[in-house]
Amino acid sequence: MQRYNKITEKNPREIVLLKAFPCVWGKCRFCDYTLDNSTDPKEIDSLNRDVLSHVTGELGVLEVINSGSCFELPKETLQKIKEIVQEKQIQRLFFESHWIYRNRLNEMRKFFQIPITFKIGVETFDYTFREDVLRKHADFQTAQEVAQYFDSPCLLVGIKGQTKEMIANDIRLLKQYFSLGTINVYTNNTTDIVRDEALIQWFLETYDWLKEDPTIEVLYENTDFGVGD
């Protein structure tokens, strides 16, 4: 499992994939990422300290991801991240959080005392598909609601049952209401959610211009950030 990398193209930053306690929701139908967690604080702390030891601070920005939300990282890990932020003079953090924690984001900002860009796995702004099919447990109705709390949505494209219109609308809303975003092209995993190859090919052709958009990162494989397995 690769857990440290440097992203040098769009939004240059170091990125670490840490281990955490189980996702507070953990029932998204498309996700088997929750297998990378633990209930053993000593195991988590030992692994995370090793991963964080690779951070140099050379890019001034650090993204921290885990199999859930940043609020599921142990307090010992959060304290270690804070020490590294101070020692390496890191100027900005990227964290990810589930919608459930939307009213707690300022706790992290207060703790770290530097700007934090908060990502959220929206997957789609289509309420019915997000809740009834993907079981995301994120009950917002509009992109504007998300933008009140989060800075950078992550969208998921290329799933059986999605439509071209749905994807086009998601990207339009992403560009309209947010300064940053990530689009993940779905990769088959151990769940029963399946790729739609024709839809993915349409997306790749229609939205090829996103490669040049400095505000949108497209992950064609779920390991394109250089971390994961």
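Take 24 as the starting number for the sequence shown in the numbering used here and just add one per residue.
Beta carbons: idealized from backbone N, C-alpha and C, even for Gly.
Sub-7 Å separation of residue i and residue j beta-carbons
{"i": "VAL250", "j": "ASN28", "result": "yes"}
{"i": "LYS42", "j": "LEU70", "result": "yes"}
{"i": "TYR124", "j": "SER92", "result": "yes"}
{"i": "PRO45", "j": "ASN60", "result": "yes"}
{"i": "PHE163", "j": "PHE141", "result": "no"}
{"i": "ASP252", "j": "MET24", "result": "yes"}
{"i": "ALA166", "j": "LEU196", "result": "yes"}
{"i": "ILE67", "j": "LEU85", "result": "no"}
Classification of residue i by the beta-carbon crowding that lies within 10 angstroms, buried from 16 upward
{"i": "HIS121", "result": "buried"}
{"i": "GLU32", "result": "exposed"}
{"i": "GLY204", "result": "buried"}
{"i": "GLU37", "result": "buried"}
{"i": "ARG26", "result": "buried"}
{"i": "THR100", "result": "buried"}
6 Å Cβ shell around residue i - same chain, five flanking residues per side excluded
{"i": "LYS183", "result": "VAL217 and ASP219"}
{"i": "PRO138", "result": "ARG115"}
{"i": "GLY144", "result": "CYS177"}
{"i": "LEU233", "result": "ILE239 and VAL241"}
{"i": "ALA161", "result": "TRP122"}
{"i": "GLU235", "result": "none"}
Cα-Cα separation, residue i to residue j
{"i": "ASN126", "j": "GLN109", "result": "26 Å"}
{"i": "GLU146", "j": "GLU106", "result": "33 Å"}
{"i": "ASN212", "j": "CYS54", "result": "8 Å"}
{"i": "GLN185", "j": "PHE148", "result": "12 Å"}
{"i": "LEU179", "j": "PHE226", "result": "11 Å"}
{"i": "ILE104", "j": "PRO237", "result": "27 Å"}
{"i": "VAL74", "j": "LEU82", "result": "17 Å"}
{"i": "ASP231", "j": "ASN192", "result": "16 Å"}
{"i": "VAL39", "j": "GLN102", "result": "15 Å"}
{"i": "TYR172", "j": "MET131", "result": "13 Å"}
{"i": "ASP215", "j": "LEU157", "result": "11 Å"}
{"i": "ASP155", "j": "THR62", "result": "29 Å"}
{"i": "PHE134", "j": "SER76", "result": "21 Å"}
{"i": "PRO64", "j": "GLU228", "result": "45 Å"}
{"i": "ARG72", "j": "ASN129", "result": "25 Å"}
{"i": "THR151", "j": "GLN136", "result": "38 Å"}
Sequence-distant residues of its chain with Cβ nearer than 7 Å to residue i (five each side left out)
{"i": "ALA170", "result": "TYR200 and PHE201"}
{"i": "LYS111", "result": "VAL78, THR79 and GLY80"}
{"i": "TYR56", "result": "SER90"}
{"i": "GLY49", "result": "THR57"}
{"i": "LYS159", "result": "CYS51, GLU146 and ARG153"}
Sequence-distant residues of its chain with Cβ nearer than 8 Å to residue i (five each side left out)
{"i": "VAL47", "result": "GLY91, SER92, PHE94, GLU95, HIS121, ILE123 and TYR124"}
{"i": "ILE223", "result": "VAL180, GLY181, VAL208 and TYR209"}
C-beta neighbour in chain C for residue i, strict 7 Å
{"i": "GLU81", "result": "This model lacks chain C altogether; it includes just one protein chain."}
Inter-stretch contact (C-beta, 8 Å, three-pair minimum) for the stretch 236-248 and the stretch 203-210: yes
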